[in-house]
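Visitor: Okay, handing you the structure first.
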Amino acid sequence: IKREEKALGYSTQSIGSEQITTAMPNNWAGGLTGKVAGLNIVSPGGPLGSSRITLRGDVSLNMNGNNALIVVDGVPMSSQMTGTGSAYGAGTANDLPVDFGNGFADINPDDIENIQVLKGASATALYGSRAATGVIMITTKSGNRKTKGIGVTLNSNSSVDGVLKWPDYQYEFGQGVQTYALGVAGSEYAGELYYAYGKTPDGLNASTSGTSSAYGPRFDASKLYYQFDPVTQTQGLEKTPWVAYRDNRKDLFRTGVNLVNSVSIDGQGDKGSVRASITYTNNEWILPNTGFERIVASLATNYQVSKRLKISARTNYTNRKTDNTPAIGYNSNSLAYFLIFQNPNVNLDWLRPMWRNGQEGIQQLQPYSSFIGNPFVILYENTNASQKHSTTSNLSAVLEISRKLELMVRSGIDLAFDEREMQRPMSDVVYGKGYYRKQNIFNYETNSDALLTYRENLSNRLNISISVGGNLMKYHYNLLEASVTGLITPRVYKLSNGQSTPYVVSTIRDKALNSIYGSANFAWKNKIFLDITGRNDWSSTLPEQNRSFFYPSVSTSILLNEIASLPKDINKAKLRISYAQVGNDTDPYKTEKYYSTSKFAGSASTATTLHNIDFKPEISSSFETGLDLKMFKNRLGVDFTFYRNETKNQIIDAPM
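Numbering (the numbering used here), first residue to last: 729 to 1384.
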């Protein structure tokens, strides 16, 4: 439903493609930061990370229920994070969180024509329950040109990444714990703080190198201690100076490079237009052996079949491959853990061989605290690989039944297939005998819409537009996973190389949402506007008696500069007032107690969260008022907004 900005009784903001492609970041969503009032983007910490995008803060206690809805050419996208694991409890959990990104990050910014950000419940009442927290509408380029003919566009973009700021690590004291690192009587360190990698040769003083703490002796190059010898990988035969290695964290990182090259061809004719593009991205992230390659191909066409019928088709295919996406969390296999506990007296180069001499692939070189995995083993052996194929496509038709009546039908699909592999070698800090897991994830979402619009000029002062429509949404998720604990042959990562029988998990989730909606828009002299909307959803994830829920909205827009005399420097003054409700459902299978398979053959495990056979849909009520001003020949604009949100019937997971 296309509307003029002056007729809207709620806050919106438009962003042109040049604002995000001029200096393209690694994840283009970061290019929206600071450009939209009320838009908060939590940027990812990895090469593929999912951006968390919220508008005007959180409205739901469900941490996954606050993301803004992403709509591409009228078709909603699944913007959920596609990672595995959970940061909660990761200190003891075997499965560290890995964020493999989402479809939003895979959109090619060179294909974007315009981004419209819709804020508030009134702006989103017609987009359904998932739009309760706002909508980011993306319109892609379609090949329309000012003149007939064919055009070719080449784009090349390069950027570098680096660590912006380091914590203030201490390099004054070395490894050790003061409470027990005092030399025994009769030894050369009697009564004083000392350091020793392993017992001292005289056997009198114990090793102090097994701790991750750094409360040992103060660094002093004149002091000599028995330390680690990287050649023999044992205690050195001679004492060496007690010095700090100040770059023993920084040297693990490198300068990241992101290269994006694209070519597009567009053409305009008498009855239609076409645009095709292909984009290649090569990313080498700031950590060795991390990054990704991505190919995006897109095709958009518009064709005027007859005077009354126009059809449009768009399709987008993405092939994204990464050999390793680093896992982050509080766990011995996490590089974040290494950055916390790396001791200042450890030279990073001592750990580069990765393996003990003569035990390649069997025993990793981990000469200090057992809490910390070798960072190079983590980067080169503890890999999390992914190859994802995805497509977003839609087909729409607009039929002008009469001069006043128009019908639009549209169907779209957002589909993805992701192959993932996780490998852990022998002597892994968590999986001592090694581990291998393979996942195949297939998911899709389809949306089909029909919208009938009637427009009428009741008089030379009053115009109306009435629209009624419906939407059918279906979502399907299928995970097939197999894993083995313990490897027979080192560094051979196959399910057939497991010491155990593969543990197989199959997870299927289905969801459906049926909707009808309508709107009535009134315009008085093109100066005062009134919009009334209503929508009713039927959600498969709610209890049967509560599946149906209705939510309305009403908004008005008044052009003060058109109905009152204002100072000449004010070019536009628009008053906005709106009230709206938006309903929301939840994830599938929350209404009953479901069991899952256990690793013990023939048994089942109980649910970890409580079920509820009578919960109701969330309802968010929002009041908004605002004033838009344009001054000094539209050179200065001010948008003031006051809003209040209230959400009831919150749906949250309660652990059993």
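Heads up, the beta-carbon is just placed ideally off N, CA and C, and yes, glycines get one too.
Remember, it's a predicted structure, so these values are computed and weren't measured experimentally.
For residue 1363, count the other beta carbons within 10 Å of its own beta carbon; 16 or more makes it buried, fewer makes it exposed. Which is it?
Guide: Residue 1363 sits at position 635 when you count from the first residue of the sequence shown. Burial call: exposed.
Visitor: Would you report the Cα separation of residue 1225 and residue 1213, rounded to the nearest angstrom?
Guide: Sequence index remark: in the sequence shown, residue 1225 carries index 497 (1-based). Sequence index remark: in the sequence shown, residue 1213 carries index 485 (1-based). C-alpha separation (whole angstroms): 10 Å.
Visitor: Name the DSSP beta bridge partners of residue 867, please?
Guide: Numbered from its first residue, the sequence shown carries residue 867 at position 139. In the DSSP output, where bridge partners are listed per residue, residue 867 has 842.
Visitor: Helix or strand or just coil, what does DSSP make of residue 893?
Guide: Reading the sequence shown from its first residue, position 165 is the one you call residue 893. Three-state DSSP puts residue 893 in coil, outside helix and strand.
Visitor: Three or more C-beta pairs closer than 8 Å, one from the region 1304-1313 and one from the region 1350-1369: is that the case here?
Guide: Output reads yes: the region 1350-1369 touches the region 1304-1313.
Visitor: Note down, in chain order, each residue of its chain lying with its Cβ closer than 7 Å to the Cβ of residue 1008, except the 5 sequence neighbours on either side.
Guide: Along the sequence shown, read from residue 1 onward, the residue named residue 1008 stands at position 280. Only 989 and 1023 meet the Cβ criterion.
Visitor: In whole angstroms, give me the CA-to-CA distance for residue 916 and residue 910.
Guide: As a working note, residue 916 is residue 188 in the sequence shown. As a working note, residue 910 is residue 182 in the sequence shown. Taking the straight line joining both Cα atoms gives about 11 Å.
Visitor: Exposed or buried, residue 1160, counting other C-beta atoms within 10 Å across all chains shown (16 or more means buried)?
Guide: The residue given as residue 1160 occupies position 432 in the sequence shown. Residue 1160 comes out exposed.
Visitor: Name the DSSP bridge partner or partners of residue 1064?
Guide: As a first step, residue 1064 must be located in the sequence shown, where it is residue number 336. Beta-bridge pairing links residue 1064 to no other residue.
Visitor: Near residue 1113, what residues of its chain come up, given a Cβ to Cβ distance below 7 Å and the 5 sequence neighbours on each side ignored?
Guide: Along the sequence shown, one-based indexing puts residue 1113 at 385. Within the same chain, residue 1113 has close Cβ partners 1050, 1051, 1052, 1148 and 1149.
Visitor: Could you check where the beta strand (DSSP E) with residue 1368 kicks off and where it finishes?
Guide: Position 640 of the sequence shown, counted from the first residue, corresponds to residue 1368. Here the beta strand (DSSP E) through residue 1368 covers 1364-1376.
Visitor: Around the C-beta of residue 1082, are 16 or more other C-beta atoms found within 10 angstroms, so that it is buried, or is it exposed?
Guide: Working through the sequence shown from its first residue, we reach residue 1082 at position 354. Answer is buried; the Cβ neighbour count reaches 16.
Visitor: Which runs of the beta strand (DSSP E) fall wholly inside the region 974-1055 and span at least 3 residues, in chain order?
Guide: Runs found: 984-996, 1000-1012, 1019-1032 and 1037-1052.
Visitor: Tell me which same chain residues have a C-beta within less than 6 Å of the C-beta of residue 1117, skipping the five on either side of it?
Guide: If you number the sequence shown from 1, residue 1117 lands on position 389. If we look at residue 1117 and ignore the five residues flanking it on each side, its Cβ neighbours are 1047 and 1145.
Visitor: CB-CB under 7 Å to residue 1368, same chain, minus the five flanking residues each way: which ones, in chain order?
Guide: Start at 1 with the first residue of the sequence shown, and residue 1368 comes out as number 640. Here the set comprises 1354 and 1355.
Visitor: Output yes or no for whether 9 Å exceeds the beta carbon distance between residue 778 and residue 836.
Guide: Within the sequence shown, numbered from 1, the residue matching residue 778 stands at position 50. Within the sequence shown, numbered from 1, the residue matching residue 836 stands at position 108. Contact flag unset, no.
Visitor: By the three-class DSSP mapping on this structure, what secondary structure does residue 1220 have?
Guide: As a first step, residue 1220 must be located in the sequence shown, where it is residue number 492. Three-state DSSP puts residue 1220 in coil, outside helix and strand.
Visitor: Start and end of the beta strand (DSSP E) containing residue 1104?
Guide: The residue given as residue 1104 occupies position 376 in the sequence shown. No beta strand (DSSP E) contains residue 1104, which is instead part of the alpha helix (DSSP H) from 1103-1108.
Visitor: Does DSSP classify residue 1281 as helix, strand or coil?
Guide: On the sequence shown, position 553 is the one that residue 1281 refers to. Here residue 1281 sits in strand by DSSP.
Visitor: Cutting at 6 Å between CB atoms, please list the residues of its own chain near residue 1142, excluding the five before and the five after it.
Guide: What you label residue 1142 is simply residue 414 of the sequence shown in a count that begins at 1. Only 805, 806, 1120 and 1173 meet the Cβ criterion.
Visitor: Between residue 776 and residue 1020, how many whole angstroms is the CB-CB distance? I'm expecting something under 8 Å.
Guide: In the sequence shown, the residue the question calls residue 776 occupies position 48. In the sequence shown, the residue the question calls residue 1020 occupies position 292. Yes, residue 776 and residue 1020 are in contact; Cβ-Cβ is about 6 Å, under 8 Å.
Visitor: Mind pulling the beta strand (DSSP E) runs of 3 or more residues that sit fully within the region 1198-1263?
Guide: Within the region 1198-1263, the complete beta strand (DSSP E) runs of at least 3 residues are 1231-1252.
Visitor: Taking the alpha-carbon of residue 770 as reference, which of 763, 1092, 780 and 948 has the nearest alpha-carbon?
Guide: What you label residue 770 is simply residue 42 of the sequence shown in a count that begins at 1. Of the listed residues, the one whose Cα sits closest to residue 770 is 780.
Visitor: What is the DSSP secondary structure of residue 856, reduced to helix, strand or coil?
Guide: Numbered from its first residue, the sequence shown carries residue 856 at position 128. Note: residue 856 maps to coil in three-state DSSP.
Visitor: Should residue 1316 and residue 1239 be called a contact, given that it needs their Cβ atoms to be closer than 9 Å?
Guide: For this step, residue 1316 is matched to residue 588 along the sequence shown. For this step, residue 1239 is matched to residue 511 along the sequence shown. Yes.
Visitor: Grab me the residues of residue 1387's own chain with a C-beta within less than 6 Å of its C-beta, minus the 5 sequence neighbours each way, in chain order.
Guide: Residue 1387 lies beyond the range of the chain shown here (729 to 1384); nothing can be said about it.
Visitor: Do you know how far the Cα of residue 1215 is from the Cα of residue 936?
Guide: Numbered from its first residue, the sequence shown carries residue 936 at position 208. Numbered from its first residue, the sequence shown carries residue 1215 at position 487. The straight-line gap from Cα to Cα measures roughly 33 Å.
Visitor: Taking all protein chains shown into account, decide if residue 894 is buried (16 or more other Cβ within 10 angstroms of its Cβ) or exposed.
Guide: Locating residue 894 in the sequence shown gives position 166, counting from the first residue. Per the 10 Å Cβ criterion, exposed.
Visitor: When we look at the beta-carbon of residue 803 and count the other beta-carbons within 10 Å, is it buried (16 or more) or exposed?
Guide: Mapped onto the sequence shown, residue 803 falls at position 75. That one is buried.
Visitor: Please report the distance separating the alpha-carbon of residue 1014 from that of residue 913.
Guide: Within the sequence shown, residue 1014 is the residue found at index 286, counting from 1. Within the sequence shown, residue 913 is the residue found at index 185, counting from 1. Roughly 49 Å between the two C-alpha positions.
Visitor: Once you ignore the five residues that flank residue 906 on each side, which residues in its own chain have a CB closer than 8 Å to its CB?
Guide: What you label residue 906 is simply residue 178 of the sequence shown in a count that begins at 1. Around residue 906: 921, 943 and 944.
Visitor: Return the chain-ordered list of same chain residues with a C-beta closer than 6 Å to the C-beta of residue 1249, the five sequence neighbours on each side being excluded.
Guide: Against the sequence shown, residue 1249 aligns to sequence position 521. These residues qualify, in order along the chain: 1193 and 1259.
Visitor: Expressed to the nearest angstrom, what Euclidean distance is found between the alpha-carbon atoms of residue 845 and residue 1371?
Guide: Within the sequence shown, numbered from 1, the residue matching residue 845 stands at position 117. Within the sequence shown, numbered from 1, the residue matching residue 1371 stands at position 643. Cα to Cα, residue 845 sits roughly 16 Å from residue 1371.
Visitor: Assess, as a yes-or-no matter, whether the region 993-1000 is touched by the region 883-900 under the definition of 3 or more beta carbon pairs within less than 8 Å.
Guide: Judged by Cβ distances under 8 Å, the region 883-900 makes no contact with the region 993-1000, as fewer than three pairs qualify.
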